[in-house]
Amino acid sequence: MSGAVPILSVQGLLKTFGGVTAVSSVDLRVKKGELLGIIGPNGSGKTTLVNLISGFVKPNGGEVLFKGKDITGLPPYRIVGMGMARTFQMVKPFYQLPAFKNLIVPLCSPRIKAVLGGRYGDRDAIALDLLEEVGFERDSNVAYKPAGSLPQGYLKRLELAKAMALRPDLLILDELFSGLSLAEVASIVPIIEKLRFQGKTIVMIEHRLKELFRIADRIMVLNFGMKIAEGAAGDVMASEAVKKAYLGSEAG
Amino acid sequence: MLLGTLIYGFVNSCLLALLAMGFNLTFGISGVANFSYGAIYIFSGFAAWIFLNSAGLPYALCVIMAIGLSATLGVLIYHVVIKRVKGLALSEVMATFGLGLAIMELFRYFDFVGFKYTLPNLIEGSVAIGDVYIDYQRIAVILAAIALTGFIYVFTHYTRTGLAFRAIAQDERTALTFGMDSDHIAALSMGFGSALAAAAAVVVLPLGTIAVEGGYDVLLNALAVCIVGGLGSTVGILVASVLIGYAQTITANYLEPHWMMLVSLIAIAIVLCIKPSGIFGHQKELEERI
Amino acid sequence: MKKRKERIDRGIKVRSEDIFALTSYREMIYLLAPRALPVVGLLLFVPLFSPYWREIFISTAIYALLAISWDVLVSVGLISLGQSFFYGVGSYVAGALNHYWGLPPVLTLPVATIGGAAICTIALLPVLRLRGIYFSMVTLVLPLMILRLVEATRIFGGTEGLTGLSPFPGQLTEMYIANACLLIALFGFRRLLDSDYGLIVRGINDNDRAVMNAGLNIHWYKTQILFLGAAVGCFAGAFGTHHDMFAGMPGFALDYSIMPIAAAIVGGTGTFAGSVLGAFILVPLSEILRALGALRIVFYGLFLVIFVVGIPEGLFHYIRRKYHQFERWVDVE
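Order-wise, the sequence lines are chains E, Z and P. For the first sequence, the numbering used here begins at 11 and goes up steadily by one. For the second sequence, the numbering used here begins at 24 and goes up steadily by one. For the third sequence, the numbering used here begins at 747 and goes up steadily by one.
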């Protein structure tokens, strides 16, 4: 990838549900190795934007380019195959399966075969390694417990591990921190920093502004489906439009 | 010939709409697919027959009682069976299907077979339109279809219960937070669907005999219309009924009556290939569920 | 003082879970006995019966295969109400090949299995994209409509069907073919669904969104499972056709839909062993209850309701639990 072509480039993306415009002509560019944070009040279209980019929802207009190729309207599995992975805000693991078995499904993906060239070892072992990376303690048996019995903190880590299992070049994290305690967030932040260190490009949708501002290179603010500001964290929060969006709609 | 095709096609369309309406209404409101629908249909037919011939009640009373009894049966089925497995599509389908089978075959076991099982026409006689004769019963089918469609429209748009029906259909969880009892509404929807099945039965059955096979046929026709029109959409049901109804009549008149059933099959095949969720279907494919 | 029921894994189960822990014949038998039981039963025990009962066990095997086929589809969340569609297609393909071209069963069985499955898969492909009850509706409607089609167009012999088809060489041969295929399907599918592939398939049933997000094409997997399930059903149809020496409209009738579903539900879904168990209870039972006539179908219907609502786990899961765990009442507070 040359530095000139952004890894992800979105132009004029548009989505309406019935009469409601969820995302209206949003442009965005993500350079390779960058961490972009997307924030905005509730209902501002953040999750819809992610759904549009990752192919789960088809846009009414605009285009999405990933690694310079047009992926608008492609089904999710094709997009994943090209190296984009996402997490869901509402985590729904396979409840009956042990936590590590949850990773078998992504590890069966054609993407893995493409990246590793068919030379991958035991899937169970890879899964356990991945879980250790996201903070499932190796010496406890938590990775073997049914996913349904895990607390929220572990479920979010599991969700992250599922995305990481796909060896993505671009990782989209949809409100990974929501529903977590301060301590839990603090323990996940280093994992994300490590991913960045490995050269992954990351887009984070967040409500937890403080933690996000510490790790993000750039912040984009959405409101009513429109981009109202973009830039460094300090500049963005100083902008009048953003203040109004946040203070106006959420009253603090 | 042309006028006859037009008129009888319309009768056939109304008949199909009548048959499909109840199944569709129940599904549209509570998401319950009532596969015992056909059984309820013949149940009400036999109930009316028994009231009429064994108890010797006046026919109008029999009809009302049959409809009321079927509605009660529907509510009962909801409370005894469906409620316990609500939300598990597999179990709902299997349980209602099994129950429908049991009811229908029970009638066969008790020997409810033969030509004596007929219901009288509401009004005897026929009328000529141009050179086409049409009996009053078929006109009753048309009127019933129009009346019930109108009733459903008024009911769901202007009454409290009807509005609650629509609210539940659109968003069960939000409706729950507003204090609506979704169980109660679902039971009512089963009752309503069953009452519609019964109403269809007393209007349609006088055209032939009441037979167990008729129950299967009704379920088959209702499903075919729903598949073509799109589950849960009243407009879709009407459009599909008109399409299939006319296509069937044309086939029967210009080709051979034997081929009538092929029409539904072909209609299903075409719809499945072009728009699998039906003409007016908003059956959720994956994207809308996120 | 309140009591509650406590379930504890038997020590032998915990120890025998991993293969390296098998240290005694007792533990090996514990593991092998349940697996050996159907093999010994079907291959050694069942042929000992009289020809009359052998006949019944052959049709039991056919229903068991249809029940397995149903269970295969359920594993990916497709609820078929028309197993007779698969049976009928398999039956007519085999029947036509034998009737018109004189192909022997050695050829018609595999061709009908693969070809029939292909036909069924293509016919049902559009419905796979829809969720919920659409698949049930279409599978219920299709075979019954095809019945009318055969009746109206008089193709393939119309109401008379195709008669005088080649039988199998002998009753015992026939029985061994049926039972061997049943065992292959039983253990083959159990193995398949225990593998990582099975994990994906069950995952689609559980949460298709997550599987799509793992970069897998769920429609392709559903198509594969549909093909496999249809293949089993079509084989049953082809086999049944040569067994009856007749391919006709009864193949598409509801009977071939209801009995397998009832068997799978009574036995318990998701294990295939449950389907076989259910078939081996219901089919002989229905033979014993032959005198009841139409009332038998009433019973199947009620069985369905009772098991679905009251005992959703089915018999097999219950037996398995008893085998692996013991229960005791303990005091609470």
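Heads up, the beta-carbon is just placed ideally off N, CA and C, and yes, glycines get one too.
Among the options, nearest to residue i - alpha-carbon criterion
i       : options                          : result
Y1069/P : Y809/P, K748/P, R781/P           : R781/P
Y164/E  : I202/E, I198/E, A135/E, Q106/E   : I198/E
S830/P  : V839/P, L824/P, L812/P           : L812/P
L62/E   : M92/E, K25/E, F98/E              : K25/E
V90/E   : V252/E, K237/E, A175/E, D149/E   : A175/E
F1062/P : E1073/P, I1052/P, L1023/P        : L1023/P
D240/Z  : G848/P, R753/P, V887/P, L1050/P  : V887/P
D942/P  : R148/E, P116/E, V36/E, E221/E    : P116/E
I229/E  : E44/E, A32/E, Q21/E, L160/E      : E44/E
D134/E  : L107/E, G127/E, V125/E           : L107/E
Y1049/P : F303/Z, V104/Z, F174/Z           : The question names Tyr, yet the displayed sequence has Phe at residue 1049/P. Ranking the options by Cα distance to F1049/P, first place goes to V104/Z.
L1012/P : V1029/P, L1000/P, F998/P, G997/P : For the record, residue 1012/P in the displayed sequence is Val; it is not Leu. Checking every option, the nearest Cα to that of V1012/P belongs to V1029/P.
F135/Z  : G173/Z, F69/Z, L166/Z, T197/Z    : F69/Z
Y101/Z  : S53/Z, A89/Z, L142/Z, S67/Z      : S53/Z
L85/Z   : A94/Z, L75/Z, R189/Z             : Reading the sequence as shown, one finds Cys at residue 85/Z and not Leu. Checking every option, the nearest Cα to that of C85/Z belongs to L75/Z.
Reduced DSSP category for residue i - H, G, I as helix; E, B as strand; rest coil
i       : result
Y156/Z  : strand
K748/P  : strand
K204/E  : helix
E128/Z  : helix
G78/E   : coil
M94/E   : strand
R1074/P : strand
E308/Z  : Residue placement at E308/Z is poorly supported in this model, since its pLDDT is 43, which falls under 50; the coordinates still yield a value, given next. Here E308/Z sits in coil by DSSP.
V40/E   : strand
S287/Z  : helix
L908/P  : strand
M11/E   : Here M11/E scores only 43 on pLDDT, less than 50, and its place in the model is too uncertain to base an answer on.
F66/E   : coil
I313/Z  : Its pLDDT being 33, under 50, I313/Z is placed unreliably by the model, and nothing is read from it.
Residue i at chain P interface by Cβ criterion, 9 Å
i      : result
R131/Z : yes
L261/Z : no
H102/Z : no
F303/Z : no
M213/Z : no
F27/E  : no
S53/Z  : no
R196/Z : no
I114/E : yes
Y164/E : no
C37/Z  : no
K155/E : no
K254/E : no
L124/Z : yes
Y239/Z : yes
L84/E  : no
S217/Z : no
V225/Z : no
Below-9 Å beta-carbon distance, residue i vs any chain E residue
i       : result
G1014/P : no
G757/P  : no
D1077/P : no
L945/P  : yes
G1080/P : Residue coverage of chain P in this structure runs from 747 to 1079, which leaves residue 1080/P outside it and unanswerable.
I964/P  : yes
R955/P  : yes
Identified DSSP bridge partners for residue i
i       : result
L45/E   : I212/E
Q21/E   : E73/E
F1045/P : Per DSSP, none; premise fails for F1045/P.
R753/P  : E1073/P
F27/E   : V30/E
Minimum Cβ-Cβ distance from residue i to chain Z less than 9 Å
i      : result
P734/P : No information on residue 734/P is available, as it lies outside the stretch 747 to 1079 that chain P covers here.
I865/P : no
R894/P : yes
Residue i beta carbon near the ligand NAP (any heavy atom closer than 8 Å)
i      : result
A167/Z : Questions concerning the ligand NAP fall outside what the structure shown contains, since it holds no ligand whatsoever.
**Asked** At which residue ranges does the stretch 174-243 of chain Z contain complete alpha helix (DSSP H) runs of 4 or more residues, listed in the order of the chain?
**Response** 183-193, 195-200, 205-227
**Prompt:** Whole alpha helix (DSSP H) runs in the stretch 777-833 of chain P with 4 or more residues, listed along the chain?
**Reply:** 797-821
**Uninterrupted beta strand (DSSP E) stretches inside the stretch 157-245 of chain E (no shorter than 3 residues)** = 180-184, 211-215, 228-233, 236-241
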